[in-house]
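Be aware that the sequence shown starts at 30, since it is given in this note's numbering, and climbs by one per residue.
Glycine included, each C-beta is placed from N, C-alpha and C at the ideal position.
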Amino acid sequence: VKYAQGLFIKPEHPPSITELYYGALIIGVGAVVLVYGILRSKIGLGLMAMRDDEAVSSTMGVEVFRSKLFCFLIAALVTGLTAGVLYTFQVFIQPYKAFSIDWTVKLVFIVVIGGIGTIEGPIVGAFIYVLLSQWLSEYISVSLLILGAIAIMVILVAPKGIMGTIQERLGFEILSPRRR
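#1: Could you give the DSSP three-state label for K189: helix, strand or coil?
#2: Count the CB pairs spanning the segment 128-146 and the segment 172-182 that are closer than 8 Å, and state whether there are at least three.
#3: Can you name, in chain order, every residue of its own chain whose Cβ lies under 8 Å from the Cβ of C100, other than the five neighbours on each side?
#4: Under a three-way DSSP split, which group does S70 fall into?
#5: Comparing C-alpha positions only, which one of Y51, T108 and I139 sits nearest to I155?
#6: So for E197, helix, strand or coil by DSSP?
#7: Using three-state DSSP, classify I152 as helix, strand or coil.
#8: Closest by CA to V153, which one among L204, Q123, L74 and T111?
#9: Going by C-alpha to C-alpha distance, which of A187, G57 and G90 sits closest to V114?
#10: Quick one: grab the DSSP three-state call for I203.
#11: Taking 7 Å as the cut-off, decide whether the C-beta atoms of G146 and M192 are in contact.
#12: Given this structure, state the Cα-to-Cα distance separating E197 from S45, to the nearest angstrom.
#13: Would you kindly work out how many angstroms separate the C-alpha atoms of P188 and V159, rounded to a whole number?
#14: Under 7 Å, do I148 and Y65 count as touching if we go by C-beta distance?
#15: Hey, quick one: how far does the alpha helix (DSSP H) through L136 stretch, first residue to last?
#16: For I142 and A180, which I take to be in contact (beta-carbon distance under 8 Å), what is that distance rounded to the nearest angstrom?
#17: Just verifying my parser: in three-state terms, what is the DSSP assignment at Q163?
#18: Ordered along the chain, which non-local residues of its own chain (more than five positions away) have a Cβ less than 8 Å from that of E202?
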């Protein structure tokens with residue numbers, strides 16, 4: 030296999046860090062708006078029905094396969110755009126880094142801390158993760174252990190994550206997928 034050890038990519042006109050930042054910001058805001066719009070639509074209603082009971086939603090007329098395919102395509106679109114911005118900054122792409130378990134652990138941490146089932150939860154979780162990872166960068170040998178302990182504490186104290194618990198206590202959702 031020709032590129033099994035990695036691939037060197039050098040763009041002709043590499044973008045500045047500011048351009049990459051704005052590209053990532055546009056993709057992030059676009060993804061949140063897209064998810065919010067989908068969840069507030071008829072498709073979102075079908076997706077929430079599928080989440081609760083797939084068989085019942087199918088009998089009620091939700092096309093399960095088409096809905097799952099739609100979600101897969103939207104996720105692939107956002108992932109591809111994000112990877113395009115991320116790997117523009119990288120000069121060397123290695124398969125074992127691109128598919129590392131670290132990505133999964135980071136994403137699970139972000140979602141669990143922020144709040145599962147909320148739109149704004151992953152945003153808050155990502156903000157907290159970046160702050161904690163920067164603060165713990167001096168203690169690289171125990172940083173994952175500390176992040177794991179923080180995640181366990183949040184799960185025990187606030188099982189729905191930070192935003193899920195705030196929404197439950199205040200009775201107010203910032204980006205509610207429910208139609209009024």
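For this structure:
#1: Annotated three-state conformation of K189 is coil, per DSSP.
#2: yes
#3: Cβ neighbours of C100 beyond the five flanking positions: L76.
#4: coil
#5: Contrary to the premise, residue 155 reads as Ala rather than Ile in this sequence. Ranking Y51, T108 and I139 by Cα distance to A155 puts I139 first.
#6: helix
#7: helix
#8: L204
#9: G57
#10: coil
#11: no
#12: 42 Å
#13: 21 Å
#14: yes
#15: I130 to G143
#16: 6 Å
#17: Note: Q163 maps to helix in three-state DSSP.
#18: T147 and Q196
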